[in-house]
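So in the working numbering, the last spot in the sequence shown is 174, and the numbers never skip.
Glycine is no exception: its CB is placed at the ideal position from the N, C-alpha and C atoms.
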Amino acid sequence: HPSFSSIIRRMSPFDAKLLKCLVEPKRDLYPLVNYSFIRKNDDSSFHQASNILALNGTVMENVTDVASSLDILQSLGLVHLDYMRWLSDDSAYAPFESCSFYNDLVNTLEIEYGDEYKLHLEKGCLAFTELGNRFAMCCL
35 HPSFSSIIRR
45 MSPFDAKLLK
55 CLVEPKRDLY
65 PLVNYSFIRK
75 NDDSSFHQAS
85 NILALNGTVM
95 ENVTDVASSL
105 DILQSLGLVH
115 LDYMRWLSDD
125 SAYAPFESCS
135 FYNDLVNTLE
145 IEYGDEYKLH
155 LEKGCLAFTE
165 LGNRFAMCCL
C-alpha cells in the first residue's frame with residue numbers, strides 16, 4: 035500500500051513496539067478504559083486518564099506513553115478507539131480495577147476528595163482498522 039512508508043516515518047519506536055505487542059497475538063478487540071472522578075451528589079465529573087490498555091490480562095505500564103501512542107496509531111488510521119462499545123466479557127476489565135495505576139487514583143481520590151467523589155471506569159475497546167490489518171500483515 036502506498037501509504038505504508040509514510041506511516042512508518044510518522045511512527046516513533048515506542049509506537050512500533052506497541053503495535054507489535056498488539057499484533058502478537060492478534061485479537062479482534064482489546065479492552066480500554068478511561069478513568070474519571072465523579073461527584074456523588076450531582077454526577078459532575080473530571081477526567082483523570084484516557085485510553086488505558088490491557089494486554090493479556092495486564093494493564094500496560096507507562097500509561098501516559100501508551101495513551102499518547104494509541105492516539106497516534108488512531109490518527110494514522112491503524113486502530114480505532116471506541117467508547118460506544120466494549121467487550122461483553124466483564125472479566126476483560128477486571129485488571130483495570132486492580133492495577134497500581136487504579137490504586138494510585140483511589141488513594142488520590144481519598145486524600146484529596148474524601149467521600150465527595152467516586153472513581154468511574156468507562157469501558158471501551160480497541161480494534162484494528164482494515165488499513166491497520168494490512169499494515170500489520172505487510173510490515174510487522
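**OP:** Starting from the N-terminal side, write out each stretch of the beta strand (DSSP E) that is 3 residues or longer and does not extend beyond the region 73-120.
**Re:** 79-89 and 113-116
Original post:
Does the beta-carbon of Val113 have 16 or more other beta-carbons within 10 angstroms, so that it is buried, or is it exposed?
Top reply: buried
Original post:
Since Leu174 and Val93 are thought to touch, with beta carbons under 8 Å apart, how far apart are those beta carbons, to the nearest angstrom?
Top reply: 23 Å between Cβ atoms; not a contact.
Original post:
What three-state label does DSSP hand Leu53 in the structure shown?
Top reply: helix
Original post:
Got a sec, what are the start and stop residues for the beta strand (DSSP E) Leu160 sits in?
Top reply: Tyr151 to Phe162
Subject >> Among Ala161, Phe162 and Leu153, the one whose alpha carbon lies nearest that of Asn68 >> reply: Leu153
**OP:** Can you give me the start and stop residues for the alpha helix (DSSP H) that Ser134 sits inside?
**Re:** Ser134 to Tyr147
**OP:** Give me the Cα-Cα distance between Thr142 and Ser39, rounded to the nearest whole angstrom.
**Re:** 43 Å
**OP:** Decide if the region 80-87 is in contact with the region 96-115; the criterion is three or more beta carbon pairs, one per stretch, under 8 Å apart.
**Re:** yes
Original post:
Under the DSSP definition of a beta bridge, which residues are partnered with Asn68?
Top reply: Glu156
Original post:
Ordered along the chain, which non-local residues of its own chain (more than five positions away) have a Cβ less than 8 Å from that of Leu63?
Top reply: Leu121, Cys159, Leu160 and Ala161
**OP:** Using only alpha-carbon positions, find the residue among Glu150, Asp116 and Glu146 that is nearest to Pro65.
**Re:** Asp116
Original post:
Does the beta-carbon of Val140 have 16 or more other beta-carbons within 10 angstroms, so that it is buried, or is it exposed?
Top reply: exposed
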